[in-house]
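Notes follow the structure.
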Amino acid sequence: MPDKSRLRRSISRWANSSDQEARDLRRTYTEPGTDCIADVTDRSRVRLRGRLRTVTLRPRGGVPALEAELFDGSGSITVVWLGRRRIAGINPGVAMSVEGRIGTQDGVRVIYNPRYELIP
1 MPDKSRLRRS ISRWANSSDQ EARDLRRTYT EPGTDCIADV TDRSRVRLRG
51 RLRTVTLRPR GGVPALEAEL FDGSGSITVV WLGRRRIAGI NPGVAMSVEG
101 RIGTQDGVRV IYNPRYELIP
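In full-length UniProt numbering, the protein residues as written are 1 to 120.
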């Protein structure tokens, strides 16, 4: 019987749509020269690829700031463009590549004002 329960757990894990999405994203956005969000360390310079989950406008210190959550299947990171209320093409569901330095703000991993490229 233990073999059947292990098999059921494996099938359940594979059938879970969020796990499947994460595997698909890792497969799609992993390429030479890019880093995996789960593997990068603070204060390191990185190049990440993934899909935006959320995009919000949040003022920081009285300055407008556009924030987006980038997810690559291994983890997520907050990308912030200071002084911007909107950037053409930056919307939830968009695939993109970002380059910058990882920081931490209130316990959240962040990249400020990264170079970015939308991925078709």
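Using N, Cα and C, we set each Cβ at its ideal position, and we do this for glycine too.
So which of G50, I90, L66, F71 has the shortest CA-CA distance to V80?
Within the sequence shown, residue 80 is the residue found at index 80, counting from 1. It is L66.
List the DSSP bridge partners of A95.
The sequence position of residue 95 within the sequence shown is 95, counting from 1. In the DSSP output, where bridge partners are listed per residue, A95 has R51, I119.
V110 bridges to which residues according to DSSP?
Mapped onto the sequence shown, residue 110 falls at position 110. Beta-bridge pairing links V110 to T78, G103.
Could you spell out the range, first to last residue, of the beta strand (DSSP E) harbouring E67?
The residue labelled residue 67 in the question sits at position 67 within the sequence shown. That run of the beta strand (DSSP E) goes 65 to 71.
Select from A95, G103, I90 the residue whose C-alpha is nearest the C-alpha of R26.
Along the sequence shown, one-based indexing puts residue 26 at 26. Of A95, G103, I90, the residue nearest in Cα terms is A95.
Measuring straight from C-alpha to C-alpha, what distance separates T34 and Q20?
By one-based count along the sequence shown, residue 34 stands at place 34. By one-based count along the sequence shown, residue 20 stands at place 20. Cα to Cα, the separation comes out at about 21 Å.
Contact between the region 43 to 52 and the region 101 to 116: three or more CB pairs below 8 Å?
Judged by Cβ distances under 8 Å, the region 43 to 52 makes contact with the region 101 to 116, as three or more pairs qualify.
To the nearest angstrom, how far is the alpha carbon of P120 from that of P92?
Position 120 of the sequence shown, counted from the start, is the residue given in the question as residue 120. Position 92 of the sequence shown, counted from the start, is the residue given in the question as residue 92. Their Cα atoms are separated by approximately 14 Å.
According to the Cβ coordinates, are L57 and R85 closer than 7 Å?
If you number the sequence shown from 1, residue 57 lands on position 57. If you number the sequence shown from 1, residue 85 lands on position 85. In this structure, R85 lies closer than 7 Å to L57 by Cβ.
For D72, is the classification buried or exposed, using 16 other Cβ atoms within 10 angstroms of its Cβ as the cut-off for buried?
For the purposes of this step, residue 72 is taken as residue 72 along the sequence shown, with counting starting at 1. Label assigned to D72: buried.
Near L8, which residues of its chain fall below 7 Å by C-beta distance, leaving aside the five closest residues on each side in sequence?
For the purposes of this step, residue 8 is identified with residue 8 of the sequence shown, where counting begins at 1. Residue identity check: residue 8 is Arg in the sequence provided, not Leu. Here the set comprises nothing.
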